[in-house]
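J.: Residue numbers (the numbering used here): 29 to 252.
The structure is given below, and queries will be raised subsequently.
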Ligand code: ADE
């Protein structure tokens with residue numbers, strides 16, 4: 029799967045994809061992540077990518093031309109399944125959307141800044157608008173990193189133990205059960221006996237009960 033992220037702050041996206049699972053996915057050739065500097069597509073001598081809003085008001089609006097130029101260039105090189113705009117007024121990201129996107133081949137992600145982007149970019153190019161939650165960040169870069177992370181780990185072959193993505197909280201309808209590792213006794217705080225019992229069906233049962241309890245308490249809305 030190929031991601032092309034368009035941003036005015038490419039430096040913000042240098043590190044998030046250079047570690048751990050995302051780095052491994054790229055090394056294996058399962059995911060390609062390309063970051064494009066919007067300013068490279070600005071067709072004016074100051075390389076400006078924004079302007080004052082028509083009708084007045086505070087803040088700058090990101091202009092149509094640089095986004096249009098970058099998207100058109102990319103579309104000349106690849107076919108894209110989705111052009112996603114990260115925005116707090118989009119549909120809220122969840123595991124279902126991540127699963128859906130993990131089946132796509134190529135996506136472009138637009139990161140907004142300032143007061144927003146010219147509506148014509150949204151009308152003419154964007155196929156999907158996604159928010160990562162009901163709060164406002166300074167720009168779409170961190171949301172884009174969140175989206176790429178949650179999608180890439182779902183692509184088959186990315187996680188060494190594929191079942192571990194399947195048992196994630198939110199992948200089913202229950203949250204995860206608590207987990208423990210050594211030591212079995214830390215300052216008198218003991219790991220539940222059942223996990224040391226070696227009896228797998230007892231352990232599976234305990235995990236299910238714990239997951240159910242946790243979900244009832246924390247996220248009853250997930251239990252249909
Ligand atoms: N840009 C700013 N805030 C955002 C949010 N919550 N989700 C997606 N993009 C954003």
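Every residue gets a Cβ at the ideal spot worked out from N, C-alpha and C, and that includes glycine.
Tell me whether residue 43 counts as near ligand 1, meaning its Cβ is closer than 7 Å to at least one heavy atom of that ligand.
T.: no
J.: Which complete alpha helix (DSSP H) runs does the region 49-124 hold, if anything under 4 residues is left out?
T.: Taken in chain order, the whole alpha helix (DSSP H) runs of length 4 or more contained in the region 49-124 are 92-105.
J.: By a C-beta neighbour count over all protein chains shown, 10 Å radius and 16 as the cutoff for buried, is residue 230 buried or exposed?
T.: exposed
J.: Tell me whether residue 29, by its Cβ, gets closer than 7 Å to a heavy atom of ligand 1.
T.: no
J.: Note the first and the last residue of the continuous beta strand (DSSP E) segment covering residue 149.
T.: That residue, residue 149, is in no beta strand (DSSP E); its alpha helix (DSSP H) goes 147-152.
J.: Looking at ligand 1, does it come within less than 7 Å of residue 155, judged from the CB to the closest heavy atom?
T.: no
J.: Within 10 Å of its beta-carbon, does residue 144 have 16 or more other beta-carbons around it, so buried, or fewer, so exposed?
T.: buried
J.: Tell me residue 217's beta-bridge partners as DSSP assigns them.
T.: 214
J.: Going by the CB atoms, is the gap between residue 201 and residue 252 shorter than 8 Å?
T.: yes
J.: Whole-angstrom Cβ separation of residue 98 and residue 34, contact assumed at under 8 Å?
T.: 5 Å
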